[in-house]
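*Asks:* The following block contains the structure, expressed as structure tokens.
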Amino acid sequence: MDFARYLIEFERILHDPAPAGPYDNPAYMEYTKLNWSRMHRWLKKGVLADETKEVLEGIAQPLRWVIITEPWCGDAAHTVPFIQLMAQHNALISVAYELRDSPPFRIEQYLTNGGKSIPKLIIRDDKGDDLAVWGPRPTDCQQLYERLRAEGADFETQKIALQNWYNKDKGHAVQQELTRLLSDITSSVRSL
């Protein structure tokens with residue numbers, strides 16, 4: 001599905017009087033409502049760095065991006081808007097969204113430490129060959145998450161710490177990491 005269809009699906013879940021699992025769990029529905037607001041805030045206020053724009057404008061070959069996500073995912077609410085804004089900056093980038101817990105279950109091919117962590121961005125060439133994979137979160141945020149888990153922090157503590165990290169970062173880390181990744185891809189394609 002494209003981004004417009006993903007938003008329709010997201011909104012359908014929010015307004016479904018009897019949603020399917022896991023959205024039938026009030027906690028998941030609350031996360032989903034928060035994520036809708038967070039995602040739209042970044043879509044409205046998120047700013048692409050000049051360096052990111054420059055690298056995006058330098059992409060001269062078609063790229064196909066696959067984003068594996070779910071509306072309940074807090075990390076996705078903070079990173080997917082920036083990925084989408086980046087993709088929209090170059091017409092040679094097409095984006096397909098897939099839900100982690102629905103067919104084709106592509107997440108099984110892109111596990112993180114054996115887990116189905118999302119979001120995942122798979123960057124492919126126009127033939128469908130993988131060029132790079134990113135996710136589920138920026139490196140510094142991932143390190144914070146791993147430290148909190150090692151310390152035995154409960155879910156609420158982890159959630160608040162990650163939320164604060166994303167709010168302070170304002171999308172810079174995801175842009176920096178993807179800018180480097182795309183720069184490497186662009187350099188590799190030119191050398192072929």
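Mapped onto full-length UniProt numbering, the consecutive letters of the sequence shown carry residue numbers 1 to 192. Don't be surprised by glycine CBs; every beta carbon is placed ideally from N, CA and C.
1) If I measure Cβ to Cβ from His172 and keep anything under 8 angstroms in the same chain, skipping five residues before and after, which residues do I get?
2) Quick one: grab the DSSP three-state call for Ser94.
3) Of the residues Leu144, Ile93, Leu56 and Ile83, which one's Cα is nearest the Cα of Ile68?
4) Can you round the beta-carbon distance between Arg124 and Leu63 to whole angstroms, since I take them to be within the 8 angstroms contact cut?
5) Please look up how many angstroms separate the CB atoms of Lys36 and Phe10, rounded, as I've assumed it's under 8 angstroms.
6) Compute the Euclidean distance between the alpha carbons of Leu148 and Gln158, then round it to the nearest angstrom.
7) Applying the 10 Å Cβ sphere with the 16-neighbour rule, what's the burial state of Gln175?
8) Which partner residues of Ile118 appear in the DSSP bridge assignment?
9) Would you say Leu162 and Gly74 are within 8 angstroms of each other, going by their C-beta atoms?
10) Can you tell me whether Lys120 is buried or exposed, with buried defined as 16 or more other CB within 10 angstroms of its CB?
11) Helix, strand or coil: how does DSSP classify Val133 here?
12) State yes or no: is the C-beta of Thr139 within less than 8 angstroms of the C-beta of Gly58?
13) With Thr32 and Ile8 assumed to form a contact (beta carbons below 8 angstroms), what rounded beta-carbon distance in angstroms separates them?
14) Output the residue ranges of the alpha helix (DSSP H) runs that lie fully inside the segment 127-192 and measure 4 residues or longer, sorted by chain position.
15) In the structure shown, what three-state DSSP assignment does Val66 receive?
16) Please state whether the Cβ-Cβ distance between Met39 and Pro81 is less than 8 angstroms.
17) Quick test of your reading: Leu92 and Glu70, contact by CB under 8 angstroms. State the CB separation rounded to the nearest angstrom.
18) Rounded C-beta distance between Trp134 and Leu178? I'm assuming under 8 angstroms.
19) At what residues does the alpha helix (DSSP H) containing Leu34 begin and finish?
*Replies:* So, to answer that:
1) Ala49
2) strand
3) Ile83
4) 7 angstroms
5) This sequence places Trp at residue 36; Lys is not what is there. Yes, they are in contact, since the Cβ atoms of Trp36 and Phe10 sit about 6 angstroms apart, within 8 angstroms.
6) 6 angstroms
7) buried
8) Its beta-bridge partners do not exist; DSSP assigns none.
9) yes
10) buried
11) strand
12) no
13) At roughly 14 angstroms, the Cβ-Cβ gap does not stay under 8 angstroms, so Thr32 and Ile8 are not in contact.
14) 139-150, 155-169 and 172-191
15) strand
16) yes
17) Not quite, the Cβ-Cβ distance comes to about 27 angstroms (not below 8 angstroms), so this is no contact.
18) 6 angstroms
19) Pro26 to Lys45
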